[in-house]
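Counting from -1, one number per residue, gives the positions in the sequence shown under my numbering. Just so you know, even glycine gets a beta-carbon here, dropped at the ideal spot from N, CA and C. Below: one structure, written as structure tokens.
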Amino acid sequence: MIRLNSRFTEKFAFTFLFLSTLLIIVPVFLILAMIIKGGFQAVSWEFLSAYPRLGMRAGGIFPAILGTVYLVLGTLVFSLPVGILAAIYLSEYAKDYGFRRVIEVAIVNLAGVPSVVYGLFGLGLFVIFLKFGASILAGSLTLAIMSLPVIITASREALGTVPQSFREVSLALGATKWQTVRRAVLPNALPGILTGTILALSRAAGETAPILFTVAAFYLPRLPRSIFDQCMALPYHLYVISTQVPNVTLSIQYGTALVLILLVLSMNIVAVVIRARFRKRKLW
-1 MIRLNSRFTE KFAFTFLFLS TLLIIVPVFL ILAMIIKGGF QAVSWEFLSA YPRLGMRAGG
59 IFPAILGTVY LVLGTLVFSL PVGILAAIYL SEYAKDYGFR RVIEVAIVNL AGVPSVVYGL
119 FGLGLFVIFL KFGASILAGS LTLAIMSLPV IITASREALG TVPQSFREVS LALGATKWQT
179 VRRAVLPNAL PGILTGTILA LSRAAGETAP ILFTVAAFYL PRLPRSIFDQ CMALPYHLYV
239 ISTQVPNVTL SIQYGTALVL ILLVLSMNIV AVVIRARFRK RKLW
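So this is what it looks like as structure tokens:
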């Protein structure tokens, strides 16, 4: 009797977990299917390489794609070095005192701050106070600050997975603390760091609120020529043609959403591939 009850409980638990998983997966696939169905017919070479025309009711989204790439690259340049160095300090150098705990709490809180708050912060600091204006530089710095908590947390986790014996052997051979971190710890933690960084960048690529205040333009007749120029971006472009421009065909809206999703999805796939390839090379 006890064995039957245990089996029933186990089957019930597995069924409940399976249904819970379906509740998460099924809506995602339905959304993807709806976007692909509505936007596939709009995606073409002209759509990907041309400028918007007729008040964004025709033409392509090339300036928005290029602007998104610029912002992602700028975010990478500003966030990756700071995030890795901060993670190294917290993981390898900082003592378990109150200051370290304050930093950890601050990182956790920053990860939960709404993106619109980052946008207002970037507007006040970079656009107005530092007088960068609405520019790629201001937008990249804002997105970099938003991405830092994810990069720091992922990098710390990656550094923590490196066995302590690696550090002990390196120090026993006469290496300094920094040489140990640079040659023994950091190379082995690199896969996790890269994975976390790409995931943070993929989130930054899809954000609208931070770039709304700091860099995004409604429409530009030319491509940006410097980091102090504004640019178009896919998330803001999608918002504009969906809410601000009347009589835009649904296929253009869905096509823009499909390109944005494919961009973010490709970055996530790159992260998965990098993690899988480096895991095969691990010696522990």
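For residue i, three-class secondary structure by DSSP
i	result
G158	helix
P50	strand
G194	helix
T13	helix
V246	coil
Q177	helix
G172	coil
R8	Rather than Arg, the amino acid found at residue 8 in this sequence is Glu. Note: E8 maps to helix in three-state DSSP.
R273	helix
S42	coil
P189	helix
K278	helix
S224	coil
K93	coil
P219	coil
G204	coil
Nearest residue (CA-CA) to residue i, options the options
i	options	result
E205	L261, L78, V243 and G158	L261
L218	G65, I23, S145 and M32	G65
F119	I134, L139 and V100	L139
L83	F127, A152 and M32	A152
N107	L128, I143 and Y91	I143
L258	A11, F38, L20 and L157	F38
S77	V167, I150, I134 and F10	I150
V41	I209, A56 and I29	A56
N186	G194, F164 and A203	F164
Y237	Y252, R223, S224 and V268	Y252
A255	T178, L71, I33 and L141	I33
F216	A173, I239, S168 and S224	I239
F211	W43, F276 and V125	V125
R98	A207, A85 and Y116	A85
V167	A182, A156 and L157	A182
G137	A231, G58 and M54	A231
R51	S145, I250 and V100	I250
A156	A170, V179, G172 and T174	V179
Extent of the continuous alpha helix (DSSP H) to which residue i belongs
i	result
V317	As displayed, the chain neither begins before -1 nor continues past 282, which places residue 317 out of reach and without an answer.
G131	From DSSP, G131 is part of no alpha helix (DSSP H); its letter is neither H nor E.
R99	G96 to A109
L118	S113 to G120
Per DSSP, cross-strand counterpart(s) of residue i
i	result
G57	P50
A214	C229
Buried/exposed call for residue i, threshold 16 Cβ in 10 Å
i	result
R154	buried
V26	exposed
P61	buried
F226	exposed
F130	buried
Q162	exposed
L46	exposed
N245	exposed
V148	buried
Y91	exposed
Q177	exposed
Y95	exposed
is_contact[residue i, chain D] using C-beta, thresh 7 Å
i	result
L108	This model lacks chain D altogether; it includes just one protein chain.
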